[in-house]
Structures are given as C-alpha cells and as structure tokens.
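Presented below is the structure to which this report refers.
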Amino acid sequence: MATLVALLVGVLVTTGLYLLLGKSLLRQIIGLSLLSHAANVIILLSAGLRGGVPVIGATRGPMTDPLPQALILTAIVISFGVTAFLLALGYRMHLFGGEEKRDDR
Amino acid sequence: MIASLIAALPALPIIVPLLTAILLIAGPSRRAQRTLGLAGSLATLAASITLVLLTRGGQVMPIQAGGWAAPYGITLVADMLGALMVLIAALIGLVGLVFTIAAGRDDRFVHAGWQFLLTGINWAFLTGDLFNLYVAYEVMLISSYFLLTHGTTQRQAREAFGYVAINLVASMFFLFGVALVYSATGTLNMAHLAERVPLAPAGTVRAASMMLLVAFGTKAAIFPFYFWLPHAYAIPPGGVAAFFGGMLTKVGVYSLFRVFTIIFPSGGPDPLLLWSASATMLFGVLGALAQDSVRRILSFHIISQVGYMIMGLALASQLGIAGGIFYVLHHIVVKSGLLLVGGAIEETQRTDRLDRLGGLARTNGVLALVFVVCALSLAGVPPFSGFFAKLLLIRAGLEVGQYGVVAVSIIVSVLTLMSMLKIYTTVFWGPGEPRRAPARLVVPAAALALITIAVGLRAQVLYSLTSTAAAHLTQPARYVGTVLKK
C-alpha cells in the first residue's frame, strides 16, 4: 500500500512539473497545485498507513498518528489561498494582454 | 505582572504587527493608516530591542502556546540569534516604511501587507518548530506576493508569476523535507529533533536534510537556485525592494543557520556548502558586472553576499558561524541602505539605467555620501561594519584551513568594489544637472549609513552578541535543555 501511495506521489510530481513547464498560464497554475497535492500525500505517508481511526474508543488496537493530518489540513488551506492568488494574478495578466502564453525569454 | 509580561515578550514581535495588520485591513483613511503602520513598526522595534537586552547573556526564552509542553505543543523560542534577527527585521521594516510613505507609494492595502510581511518574518525567526517555520514562510511569502504584484504592469506581473511559482516549488521541497523528518524521528520540535536525529536512520536523515537544503537554499538564493532573484527584485518600488532585498533572502539564510547547526550538525567544514558558497559569491558578482541598471546590479550583489553568509555556516566553527551571523546583520543594513539610495534615485530621476543617469554628485551631495559609505561597507573597506564581517569570516576560514573559499571571498570583495565604483562613476559623476532628491527620501538611507559606521566603530559590541548566538548553535545543549525543560 505504501509503495502504491509513493508511486502516486511520483505521478503527481511528474504531471505537476510537466504542466508547470508548459506555456499556458492556466496549465502552470494547475501544475503548481498538483505539486502541493504531492506534498500533502507524502506527509500522509510519513505517519504510516496502518492503524485505525484516531478517536479514543472508536478503534481497538493501534491508531494512526493524527498529527500529519493536522499538518495536511494547514497545508491544504495555504495551498488553497496561494492557488486563489495565482488565479487572480493570471486573470489580471489576461486582462492586461489578452493572450495568456508566456513569451520565451 | 511584570514577570508574566516578560514571559510573553517573545510573542510580541509576532502579535503586534499581526494586530496592526488586522486593524489596517478595515481600511481607515490614508492618514490613519500611516500613523497606525508607523506605530505598529515602532512598537515591534521596541519589543525586539527589549528581547535582545533580555537574551544578551545567552538566555533562552521559550513560550509553549496554550500551555502544551514541548515537544507536543507549539513552541516559540527567543534566543540570541532569533532576537537579533527580529531586531534587524523591525528596524528595516520601519526604515523601509518611512521611505515608502515619503515616496507616496503606500496606497490601498500596502500598509496592511507590510505588517503581515513583518509578522511572517518575525514568526519565522522566533518559532521553535519545523512545521511552524513552514507556516511562517507562507505568511511571509503571500504578503510578499501581494506587495510585489501591487500596481504592476503586464511585464511585471509575468516576473511576479515566476517568483510565486519558484517559491511554491521550494515550499513543496520544504514539505517533503518535513514529512521525511517526521517519518524518521516522529517529532518536528527543533529542540526535540536535536536529540532524536542522531538516533534516526542515516539515509532518511540525509534525504530530509537535502530536501530542506533545496527549500531554504532557493529562498536564500544560493547557487544553483539564485536565478529568480534579479527578476523578482526588479519589480517593486524602492521602499518595498529595500525590505525584500534586505530581509526575505535572509530568512532563508537564517533557516539554514538554524537547521544545519542544531538539527543536522556537520561536525566539520561541509564541502557541499563550501562549494555552493564559493559559487554563489562568484556567480553573483560576475552577474552584477554585466548589468546596466542600479537596481539590477544591487540585486546580483544580494546573491554574492549570501555566499559569504553561507561560507560562515559551511566552516561550521564557532568563529565562522559568529562571523556569518555578523555578516547577515551587517549586510541587511547596508544592502537596504543601497537599495534605498537606488529608490531615491528612481523616484526623482524616473529611471535607474546607468546610461541615462549622470552628475548626481553635483546636485545630490548627501545622497552621494550615503552611497559611498554603504558601498565601501559592502565591499569590506575599514572602518565600516563590512570590514569586520569579512575579517571574521576570513580568519575563521584560515583557522580551519579552507584556503580556497578564503581566496574566492577576497577576489569577490575586489570585484564588488569594482562594480560599486561602476555605479558611482556613471551615476554620480559625469555631465548633467539632475533633479535634487528631497530630504525625506534621503534620510532613511542616511540613517542606515550611520548604523554601519556606528557598528564599524564599535564592532566588539555586535561581535560579542553574535558570538553568543553562535555558541547556542554550535553547542545546542542549553537551547535544547531550556525548551524541553530538562
């Protein structure tokens, strides 16, 4: 299971980087948000995937570590805010120029 | 009452600008905004001066938020290094704000963004927890995105997009590093990590430290991650550029100092960091030689100066780290001073291109003097603060026998002086009767020039403080013991 999730992180990073290196502004923004998803998944993985729901009384046996989930929650809020900012910035660039491709420098 | 006030003091440099920013978001009149912004900055400065005085003897002041003891709760720690960095941030925040107000570039929510930026920076300096460091970074970065893109043209918006993208990628590396550290040690509290990392599997620890090196290195603009900086710092108006150029990369440098001493100690000169430091110094200064506008030359010099700081860290001796911290503090003052001189030139002449400027020394005598003081200090000419910063680093380098990096640092000093002379001879000499910059634009830079002279004349005072700060990093026992209440 852990190997599969690790592969998922790899897929998220590669697609994210591929989109980021493209020319279209919208694709770049989607690529960036995929990269932050990859980071969230790897934090989830850091606590291990075994164990039950971390609520006292809800599970018998070992529970998963709930701290990484709290960390992810914070990271999701931050990446939501930054993505919203990027979309607003992209919209402004669209209003300025009308074309959304970045020129090659 | 007084005891509990003192115990809460390490939180004040975060809370004061945060509350000021929240008040500013309500959108009072321009005049009220200016008063509030300046009052908030002054209060932060007062709190940080008190903090430096309280930690002067090597005290470590932890706060456990919500009463949850470390390593379970959120820990804020003020030690000598944190307090010095907060002091310099509050100082540059105030001086830059005065310039921004004087130049009339403080429309709409600039004041609120400014205070949020100060909140994030101070939070990064005072946190004792790796994940909180990430959150502090994001608070700082999103405020910097706002200040950077505020009132931009299309071209500038594109450059800003690149800045946001590179920072997001660096943040991803940061989170990867945090995840690896957590999986290897089961904690994120820095003091707790100092105890646990030596017990963790070496491979995971190495991978985590490299992830964090990439993350902090990108934000600090070290080789080979510095390419974004000259583009981004060419965008904002002078006052904002001085705050960014002085502080933002230095938050990355501070994190490197904190993490690669307490959590991942190297035990001896670190070859990877030494190579990176040499390359950062050299490529930064060579890039500067090729530029043709004041702002861009100064931006490339930020990169080359970061190389010196990393050199101090890479030497990993107490003298080297003390010299590195000294260099950080000196550099922030001088670089912000130079960027403010550049800002004053841009605001009055409407350009900062070398080929369109000339003869400023004839009409702007004081501005020329301020530039000369800051430029000589940057290049490391005595009796200014830069001389002592470089002297400490070179002595530290010779002590541990790293002659290569010492040679590079001396060559780069000469090249720095050369490119400062290039600005001086083209901008301040030559024909032309340019407009005179009003005194209110010159005073902030002049204040910083006076500080570099004062530090140069009384270098011993600052050196003893940075030496205390370095002792906490090289022998973290006291830091760890106080935070974990042993």
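Going line by line, the protein sequences match chains A and B. Sequential numbering from 2 applies to the first sequence in my numbering. Sequential numbering from 17 applies to the second sequence in my numbering. Cβ coordinates follow ideal geometry from the N, Cα and C atoms, glycine included.
For Q321(B), no beta strand (DSSP E) run applies; the uninterrupted alpha helix (DSSP H) run containing it begins and ends at V310 to L331, by DSSP.
Between the alpha carbons of A200(B) and P217(B) lies a gap of roughly 7 Å.
The Cβ atoms of F400(B) and T468(B) sit closer than 7 Å to each other. Against chain A, the beta carbon of A195(B) has neighbours under 8 Å at A40, I43, I44, L46, S47 and P69, listed in chain order. With respect to the 7 Å criterion, A106(B) and T60(B) are classified as neighbours on the basis of their beta carbons. Contact check between the segment 45-59 of chain B and the segment 77-85 of chain A: fewer than three CB pairs, one atom from each, fall below 8 Å, which does not count as touching. Excluding residues up to 5 positions away in sequence, I278, I279, P492, Y495 and V496 lie with their Cβ nearer than 8 Å to the Cβ of A210(B) in the same chain. Here A42(B) is exposed: its Cβ has fewer than 16 other Cβ atoms, across all protein chains shown, within 10 Å.
For T143(B), the secondary structure class from DSSP, reduced to helix, strand or coil, is strand. In the displayed model, M77(B) falls within a strand according to three-state DSSP.
Nearest to R311(B) by alpha-carbon distance, out of G381(B), D122(B), D368(B) and V459(B), is D368(B). At a C-beta separation below 9 Å, M188(B) has these neighbours in chain A: V14, G17, L33, L36, S37, A39 and A40. At a cut-off of 7 Å between C-beta atoms, T135(B) does not count as an interface residue with respect to chain A. Under DSSP, no beta-bridge partner is assigned to M156(B). Counting every other CB atom within 10 Å of its CB across the protein chains shown gives W130(B) a total of 16 or more, marking it as buried.
The Cβ-Cβ distance between L33(A) and L13(A) does not fall below 7 Å.
The alpha-carbon of N205(B) is positioned some 8 Å away from that of Y88(B). Taking a Cβ-Cβ threshold of 8 Å, the residues of chain B close to F97(A) are T169, Q170 and A173, in chain order.
By the rule that beta-carbons nearer than 7 Å mark a contact, T165(B) touches chain A. In this structure, DSSP gives T367(B) a state outside helix and strand, which the three-state scheme calls coil.
Here I238(B) carries a coil assignment [DSSP, helix/strand/coil]. Here G23(A) carries a coil assignment [DSSP, helix/strand/coil]. For the pair V32(B) and A128(B), the Cα-to-Cα distance works out to about 12 Å. Contact with chain B is found for I79(A), since one of that chain's Cβ atoms lies less than 7 Å from the residue's Cβ.
With a threshold of 16 other beta carbon atoms within 10 Å, S20(B) falls short and is exposed. Residues of chain B with a Cβ closer than 8 Å to the Cβ of T75(A) are, in chain order, F147 and V151. Out of S425(B), M188(B) and V386(B), the CA that lies nearest to the CA of Y440(B) is found in V386(B). The shortest CA-to-CA distance from I137(B) to any of I90(B), A295(B), H347(B) and P29(B) is the one to P29(B). In its chain, beyond the 5 residues on either side, G136, W139, A140 and T143 have a beta carbon closer than 7 Å to the beta carbon of A152(B).
Inter-segment contact for the segment 215-234 of chain B and the segment 65-72 of chain A is absent: fewer than three beta-carbon pairs are separated by less than 8 Å.
Within 7 Å of the CB of S199(B), the CB atoms of chain A belong to S47, in sequence order along the chain. Around the C-beta of K235(B), 16 or more other C-beta atoms lie within 10 Å, and the residue is accordingly described as buried. For A258(B), same chain residues with a beta-carbon under 6 Å away, outside a window of 5 residues either side, are G112, S352, L355 and L356 in chain order. Taking all protein chains shown into account, V422(B) has 16 or more neighbouring C-beta atoms within 10 Å of its C-beta and is therefore buried.
At a C-beta separation below 8 Å, L21(A) has these neighbours in chain B: A181 and V185. When F342(B), P287(B) and K501(B) are compared, the shortest CA-CA separation from G417(B) is found for P287(B).
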